[in-house]
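Quick notes on the structure that follows.
Chains as they are written, first to last, in the working numbering: chain A, 232 to 340; chain B, 32 to 915.
Following this line, the structure appears as structure tokens:
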């Protein structure tokens with residue numbers, strides 16, 4: 232069930248990190264947060280973001296609720312769960328391990 | 032929680048779609064508000080449908096969603112084809128219901144362990160003796176002294192428990208004349224302890240109640256009886272009950288689950304074995320010996336040990352048998368003791384109905400197979416009309432497994448509906464059959480719980496049925512080649528080949544069912560038309576007891592009183608009624624003629640008994656009031672053939688030689704034609720009718736403790752006299768009690784209960800099987816004509832005649848019917864041997880028994896083929912070809 236190829240894994244990591252900084256964001260806000268904080272380098276695609284959000288919601292890493300907006304529409308906002316925080320810590324560690332390993336390989340050359 | 036939400040979303044799919052759409056809309060709104068280009072934002076979503084599917088898959092259980100879709104689709108298809116669905120469900124329901132009923136009966140009688148501790152270690156002793164012809168006879172009753180010896184020998188290896196045959200006994204809770212019947216069983220006091228049973232009320236019997244003969248007049252009621260007779264009244268403790276000549280105090284009520292050790296009989300009252308008057312006698316075998324083997328004790332050494340004890344007991348006992356020839360004694364002493372598993376208890380009903388129920392099970396299983404074959408053919412025909420749909424599904428990417436699931440789900444729904452309907456049928460049918468097993472006044476009481484055992488059987492059966500009729504069509508649907516299917520070209524022949532194979536199987540099974548039904552019906556008719564030798568109509572039987580015994584004169588006075596009742600034409604007395612399964616036998620000694628090994632049979636009768644029974648006297652005279660036993664006898668023709676070598680016996684004498692050596696001399700004063708004696712299943716026995724007036728060895732008149740008054744009545748319904756007669760007997764002489772009133776006709780009917788039941792059920796299933804097979808045949812023929820309409824049209828257009836069209840349409844089906852019938856005959860012939868014991872006066876190998884079902888089957892096949900042939904003949908080539 233859990234596909235952990237690098238791109239998807241890093242998208243999950245980014246979403247978790249964004250939500251840990253600022254809880255209760257909706258999908259668009261998460262997308263713009265990733266874009267802004269990465270200095271416009273990373274761009275989460277809508278087509279990947281929402282399935283990822285829904286998948287993480289179902290596996291209990293994040294929690295969603297409906298919030299009313301001023302326009303009268305509802306929007307779905309997400310926040311981390313306890314399991315999500317734990318997962319974030321694990322993902323961060325893993326990311327550091329992997330990236331430093333990759334860096335070492337690159338420096339070797 | 033997350034799994035649960037995913038499952039609930041399966042059933043609220045619309046709401047989920049709506050939520051996903053709403054979230055996307057909010058996203059777009061947000062983005063536009065933030066100043067993004069609306070067109071660009073929308074484009075970033077790509078195909079919204081695809082994205083929605085992806086999100087949706089993340090949030091629900093995908094396979095469950097597929098299943099839900101299949102169920103909805105299957106339901107629509109089933110509803111669309113109402114007639115086909117109804118036919119399939121009804122035929123399957125009938126078959127599943129019949130199978131479940133048969134399982135309930137077989138389970139309750141043979142498989143279900145008794146609700147006692149260590150049921151798995153429960154065994155029963157039996158004795159096997161070679162009879163006169165060398166075929167083994169099996170008995171399972173023992174004398175108490177023998178039991179006591181064996182129990183002592185088995186100490187430490189097994190516990191032996193005595194349990195009498197449960198008998199329907201006269202008893203009363205008052206001292207008046209209100210006798211009632213109750214099922215009484217004498218059991219070892221330690222039985223309840225060994226079985227780990229707890230009382231509902233008061234106490235159970237203990238080993239202390241069984242220490243010495245006659246000292247513990249205590250009774251324990253079964254829970255079932257306590258409810259039925261006393262409405263669960265706790266005040267029953269301490270009351271007394273008169274049984275036979277004893278008075279017993281009720282000390283407790285047993286546990287709810289325990290109904291005795293005999294499946295088919297619910298024991299009402301348990302008494303200590305030591306309270307049975309026969310407990311001291313070594314020549315009265317009245318108890319079954321149950322054996323609870325200790326864990327780890329091997330059976331065979333234990334059996335050998337008990338066998339030796341039993342043989343020693345019987346050898347000692349046989350030394351006192353002066354009346355028996357040495358040959359017979361030697362034969363008897365070849366007895367072998369057996370230990371048989373008895374986890375589910377032991378009863379006569381098991382012996383009587385083992386084969387009958389197994390064969391009934393086989394019949395219903397065959398009907399189930401026929402029904403499955405029918406539905407499979409139906410499904411195949413349906414699938415043919417869905418090839419395009421299936422091809423389309425494959426083309427747009429449905430996997431094979433998905434298609435198999437689609438068809439299987441639909442079939443499983445069909446099977447589930449049938450199973451539900453079948454369960455209703457079984458709910459009613461199993462108790463119905465049980466209620467028909469024994470005589471109406473003494474019905475079998477089989478506990479038929481509908482618990483997990485029945486449920487599991489039903490579910491397994493449903494699963495098997497689904498796979499049986501559904502798997503082949505499902506696999507075929509999935510293996511479809513979209514290219515050929517969508518082009519319109521099919522391969523109808525492969526499909527039809529399997530249909531014809533199924534038809535042949537159906538015909539074979541149907542033949543077997545018809546064949547057995549024929550055998551059972553012939554058996555019943557044969558048995559029913561057996562000459563009785565007397566006239567049972569209008570004959571009322573008053574079974575009467577005189578607990579302290581009454582002299583013969585008193586009995587005949589009572590008969591005179593009864594004769595005066597209006598509507599009573601004639602009255603006589605006998606020891607017991609004919610055909611009531613009672614037997615009284617002895618060796619016959621005739622001066623000057625070597626002793627025959629055959630036994631003679633006796634029944635005591637009063638003067639005018641022959642007249643009342645409407646039995647003809649061939650020669651000699653009837654008894655008069657001075658005749659007695661020993662003294663005079665009237666014999667039947669078989670008796671003359673067997674013992675007098677056919678010579679005229681009038682005036683000659685014979686001796687009844689008893690095992691103890693005592694001899695009773697009788698002079699033959701009359702000869703009557705052969706008549707039924709104890710059972711219609713027996714061959715005609717040599718019978719001597721002796722006077723009801725009897726003397727013991729010292730010439731002192733024997734008071735009779737029981738007898739039956741036979742009343743020849745003039746009314747249409749002899750039983751309407753019963754209340755009057757009961758009252759009259761009680762008023763005339765309080766020493767008498769009428770214990771049972773029935774008609775002789777009932778006794779005659781009771782003789783054929785099993786055969787009638789088997790014949791009725793077999794006939795019913797034969798009709799169902801025939802109907803199903805005919806429907807199947809009709810369906811396949813119609814389908815094949817439908818498929819070949821073009822071809823037939825062309826043939827007619829080029830001048831084919833009706834005959835050749837009919838041949839074209841029916842040849843293949845005729846061949847499969849013939850193959851099926853041949854297979855059926857082979858099957859029937861192969862299995863008829865094992866059914867022979869259930870038959871009477873019918874040979875399974877009798878050609879007429881084979882020809883009749885074959886003809887019936889052929890007629891049904893012709894009838895079923897007719898509509899299709901007519902349809903083929905009526906095809907109008909010009910219309911048909913223009914339509915193409």
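Ideal Cβ placement from N, Cα and C applies to all residues, glycine included.
Can you name the residues of chain A whose CB is closer than 8 Å to the CB of residue i?
{"i": "residue 61 (chain B)", "result": "257, 259, 260, 306"}
{"i": "residue 76 (chain B)", "result": "277, 278"}
Using a C-beta to C-beta distance shorter than 8 Å, which residues of chain B count as neighbours of residue i?
{"i": "residue 296 (chain A)", "result": "Correct list: empty, because the minimum Cβ distance to chain B is about 12 Å."}
Only counting the same chain, and skipping five residues up and downstream in sequence, which positions put a Cβ closer than 8 Å to that of residue i?
{"i": "residue 836 (chain B)", "result": "823, 826, 827, 900, 903, 904"}
{"i": "residue 273 (chain A)", "result": "245, 265, 266"}
{"i": "residue 263 (chain B)", "result": "257"}
{"i": "residue 792 (chain B)", "result": "391, 394, 464"}
{"i": "residue 772 (chain B)", "result": "571, 572, 573, 574, 750, 753, 756, 757"}
{"i": "residue 535 (chain B)", "result": "847, 848, 850, 851, 854"}
{"i": "residue 656 (chain B)", "result": "587, 638, 724"}
When you compare the CB of residue i with every CB in chain B, is at least one pair closer than 8 Å?
{"i": "residue 281 (chain A)", "result": "yes"}
{"i": "residue 267 (chain A)", "result": "no"}
{"i": "residue 327 (chain A)", "result": "no"}
{"i": "residue 252 (chain A)", "result": "no"}
Are the C-beta atoms of residue i and some chain A residue less than 8 Å apart?
{"i": "residue 57 (chain B)", "result": "yes"}
{"i": "residue 53 (chain B)", "result": "yes"}
{"i": "residue 37 (chain B)", "result": "yes"}
{"i": "residue 68 (chain B)", "result": "no"}
Which same chain residues, not among the five before or five after residue i, have their C-beta less than 7 Å away from its C-beta?
{"i": "residue 799 (chain B)", "result": "125, 398"}
{"i": "residue 234 (chain B)", "result": "282, 283"}
{"i": "residue 564 (chain B)", "result": "646, 704, 705, 706, 707"}
{"i": "residue 734 (chain B)", "result": "580, 581, 582"}
Could you tell me which of the options sits nearest to residue i, measuring between CA atoms?
{"i": "residue 482 (chain B)", "options": "B:143, B:889, B:804, B:877", "result": "B:143"}
{"i": "residue 649 (chain B)", "options": "B:706, B:692, B:603", "result": "B:706"}
{"i": "residue 412 (chain B)", "options": "B:809, B:830, B:858, B:585", "result": "B:809"}
{"i": "residue 25 (chain B)", "options": "B:885, B:145, B:846, B:156", "result": "Any question about residue 25 (chain B) goes unanswered here, given that chain B covers just 32 to 915."}
{"i": "residue 817 (chain B)", "options": "B:373, B:906, B:361", "result": "B:906"}
{"i": "residue 450 (chain B)", "options": "B:121, B:66, B:387, B:219", "result": "B:121"}
{"i": "residue 815 (chain B)", "options": "B:804, B:554, B:529", "result": "B:529"}
Could you name the residues of the same chain whose beta carbon sits closer than 6 Å to that of residue i, not counting the 5 residues immediately before and after it, in chain order?
{"i": "residue 275 (chain B)", "result": "none"}
{"i": "residue 330 (chain B)", "result": "370"}
{"i": "residue 642 (chain B)", "result": "none"}
{"i": "residue 212 (chain B)", "result": "199"}
Would you say residue i reaches chain E, if we count a Cβ-Cβ gap shorter than 8 Å as a contact?
{"i": "residue 331 (chain A)", "result": "The structure shown contains no chain E; its protein chains are A and B."}
- Query: Just by C-beta distance, which residues in the region 81-115 of chain B are closer than 7 Å to chain A?
  - Reply: Residues 82, 85, 86, 89, 90.
- Item | Contact residues within the region 312-339 of chain A, judged by C-beta distance below 8 Å to chain B | If the cut-off is 8 Å between Cβ atoms, the region 312-339 of chain A has nothing near chain B.
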